[in-house]
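Undergrad: Everything in the sequence shown is counted per this note's numbering, starting at 11 for the first residue and increasing by one. No residue lacks a Cβ here, since even glycine has one placed at the ideal position from N, Cα and C. Computed from a predicted model, the values in this text were never measured in an experiment. There's a structure below that I have some questions on.
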Amino acid sequence: MSDPLQKAWTRMTRQLLDAGHRIDTLTEGRDPVERAEGYRFLTRVMSAMTAFQVEQTADWPSFTQVMSPTRKFYVDNPDTLYHRTSLNHRLRYRVHGRRGDELYLAFCVYGANRILANLYDEQMVFDADGRFELILSAERPADAANWLPLGIGARTLVTRQYFTRFDRLPATLEIELLDEHAPPPALAESAIAARLFGLGESVVRMLMATEKASTAWLEKPNEISIDSTTDDLA
């Protein structure tokens with residue numbers, strides 16, 4: 011097959027088909043509810059990874075909500091609001107916004123399989139109205155009140171907001187690229203092919219990590235262990 015876009019699409023759909031077969035194997039002989047939940051989990055992973063791998067780019071960043079009432083996986087905190095955006099360690103970014111009623115606000119930079127940098131509200135500078143600016147770059151600007159280093163391999167920013175009540179207002183968050191560049195070109199087939207490849211690989215990687223973690227959890231029931239070095243959000 012010489013068409014890169016069709017090749018990427020075929021590869022991705024085969025990976026999804028294999029994922030469904032794997033769910034069938036893992037749930038064989040078990041309560042049918044587990045198989046149904048397995049397929050629903052797969053659709054949620056597909057939804058998240060489509061947003062992360064297909065719709066987000068490091069050149070034109072924007073925050074996407076990771077979890078929602080209809081898109082949940084792992085042991086996400088129901089009192090936490092998670093957002094994510096893609097990064098390129100060679101570029102510079104500015105996050106700005108205003109605090110809401112959140113109890114805790116944090117920004118975490120991820121590489122492929124590890125946390126590279128983290129900054130939370132008690133370490134940050136806000137004005138009297140709760141407004142702030144956060145710079146992400148390889149080198150710290152002299153005038154940056156809040157800064158996160160972008161080490162080699164940095165590719166994802168995840169924000170977390172913790173709340174004590176469901177009716178609390180979240181912080182407003184925006185991100186923009188500081189480096190000047192031309193407007194985005196028309197979408198190319200090669201670009202979508204690369205994104206579809208990333209989508210399929212991300213789904214496979216996340217399902218493998220889930221299977222591994224689930225096996226460990228079953229060995230220690232009623233205990234929760236989170237490995238923050240996994241790259242499920244990256």
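Along the chain, which unbroken stretches of the beta strand (DSSP E) at least 3 residues long are found entirely within the region 78-154?
TA: Counting only runs of 3 or more, we get 90-96, 103-108, 114-120, 125-130, 141-147.
Undergrad: Go to Arg40, then tell me how far its beta strand (DSSP E) extends in each direction, as first and last residue.
TA: As a first step, residue 40 must be located in the sequence shown, where it is residue number 30. That residue, Arg40, is in no beta strand (DSSP E); it is neither H nor E in DSSP.
Undergrad: Kindly indicate the opening and closing residues of the beta strand (DSSP E) around Leu158.
TA: To locate residue 158, count along the sequence shown from 1; it is residue 148. 157-159 is the span of the beta strand (DSSP E), which, as asked, contains Leu158.
Undergrad: Let me check one thing: in DSSP terms, what residues is Thr74 bridge-paired to?
TA: For this step, residue 74 is matched to residue 64 along the sequence shown. The partner list for Thr74 (beta bridge, DSSP) reads Arg94.
Undergrad: Below 8 Å on the Cβ atoms is my guess for Phe207 versus Ala18; work out the distance and round it to an integer in Å.
TA: Stepping through the sequence shown from its first residue, residue 207 is reached at position 197. Stepping through the sequence shown from its first residue, residue 18 is reached at position 8. At roughly 5 Å, the Cβ-Cβ gap stays under 8 Å, so Phe207 and Ala18 are in contact.
Undergrad: Across the region 210-223 and the region 135-150, are there enough close Cβ pairs to call them in contact, namely three or more that are closer than 8 Å?
TA: The region 210-223 vs the region 135-150: no contact.
Undergrad: Tell me, please, which residues DSSP counts as bridged to Tyr172.
TA: On the sequence shown, position 162 is the one that residue 172 refers to. Paired residues: Thr90, Tyr114.
Undergrad: List the residues that DSSP assigns as beta-bridge partners of Thr182.
TA: Sequence index remark: in the sequence shown, residue 182 carries index 172 (1-based). Arg108.
Undergrad: Measure the C-alpha to C-alpha separation of Pro151 and Pro195 and round it to an integer number of angstroms.
TA: Taking the sequence shown and counting its residues from 1, one reaches residue 151 at position 141. Taking the sequence shown and counting its residues from 1, one reaches residue 195 at position 185. Pro151 and Pro195: Cα-Cα distance of roughly 30 Å.
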